[in-house]
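In terms of our numbering, the sequence shown opens at residue 12 and continues consecutively. Idealized CB from N, CA, C, for every residue including glycine.
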Amino acid sequence: MRTGGWAAAAALVAAALVGGAVASPGLDGLRPAPEPYPADLPAAAAAYAGPATGCDLPDPTGTGGCVTGATAWMLEQVGAAFGDLPTTCWDEHAWNPSSDHPRGRACDTTIGRLGERPGPRGVERGWRLARWLVANAEALQVRYVIWQGRIWSQRRGDDGWRPYDGGGVYDPGDPTGGHFDHVHVSLTA
């Protein structure tokens, strides 16, 4: 009778149940079990497989500016998941030299009217988009998302949604400065 297989299987199950991590033969240490894709969100985005580009593609949101290949792909994926949303990407952002907008790596999707906080249905629509962007961060090369005075960043993903302080540039209490009227997404490329 072979017991090594059952013992190994029992150890894997115990590790997964106790710590949410699994060991695999040939791998060093434990790794977290992958989280399932949220069932209440639109389908997962297809990963960007194009080349790294600069801000050299026309901005499809009609700003007259440019976007990167990854940004153009992200916009296509958002459109496929959510339909036509009022979104703009490229902007000079002269008041914020560190902004990703003039680099073609950021977009803002307005929820309701700019300068006004949306009602409960608008807030939920915005959260649905923001959560979808986070759930698809790796595929879409998302660096960070800001919505409703909260920020999620890839670099600090384990921290979840944190309070947004305006980055020293924006008033976090203002409907626009705090990103209460629009979902902001910045990409890594």
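Per DSSP, cross-strand counterpart(s) of residue i
{"i": "Tyr155", "result": "Ser164, Ser197"}
{"i": "Val7", "result": "With the chain covering 12 to 200 only, the question about residue 7 has no answer from this structure."}
{"i": "Thr99", "result": "Asp119"}
Secondary structure of residue i, DSSP reduced to three states
{"i": "Ala63", "result": "coil"}
{"i": "Ala201", "result": "Beyond the ends of the chain as shown, which are 12 and 200, falls residue 201; an answer cannot be given."}
{"i": "Arg173", "result": "strand"}
{"i": "Asp192", "result": "coil"}
{"i": "Gly184", "result": "coil"}
{"i": "Trp143", "result": "helix"}
{"i": "Leu86", "result": "helix"}
{"i": "Pro131", "result": "helix"}
{"i": "Gly137", "result": "helix"}
{"i": "Ala150", "result": "helix"}
{"i": "Gly73", "result": "coil"}
{"i": "Gly179", "result": "helix"}
{"i": "Ala91", "result": "helix"}
{"i": "His112", "result": "helix"}
Sub-8 Å separation of residue i and residue j beta-carbons
{"i": "Ser197", "j": "Asp111", "result": "yes"}
{"i": "Trp158", "j": "Ala146", "result": "no"}
{"i": "Val194", "j": "Gly137", "result": "yes"}
{"i": "Trp1", "j": "Gly76", "result": "The structure shown does not extend to residue 1, since the chain is modelled only from 12 to 200, so the question has no answer here."}
{"i": "Phe191", "j": "Arg132", "result": "no"}
{"i": "Gly188", "j": "Tyr181", "result": "yes"}
{"i": "Ala83", "j": "Pro71", "result": "yes"}
{"i": "Arg116", "j": "Thr79", "result": "yes"}
{"i": "Ala92", "j": "Ala56", "result": "yes"}
{"i": "Ile162", "j": "Arg173", "result": "yes"}
{"i": "Val156", "j": "Leu144", "result": "yes"}
Supposed close pair residue i, residue j - CB separation, criterion 8 Å
{"i": "Leu86", "j": "Arg139", "result": "Actually they do not touch by this definition, with Cβ atoms about 17 Å apart."}
{"i": "Ala150", "j": "Tyr48", "result": "Not really, about 11 Å apart at Cβ, beyond 8 Å."}
{"i": "Pro186", "j": "Gly177", "result": "Actually they do not touch by this definition, with Cβ atoms about 13 Å apart."}
{"i": "Ala200", "j": "Ala63", "result": "5 Å"}
{"i": "Cys66", "j": "Arg114", "result": "6 Å"}
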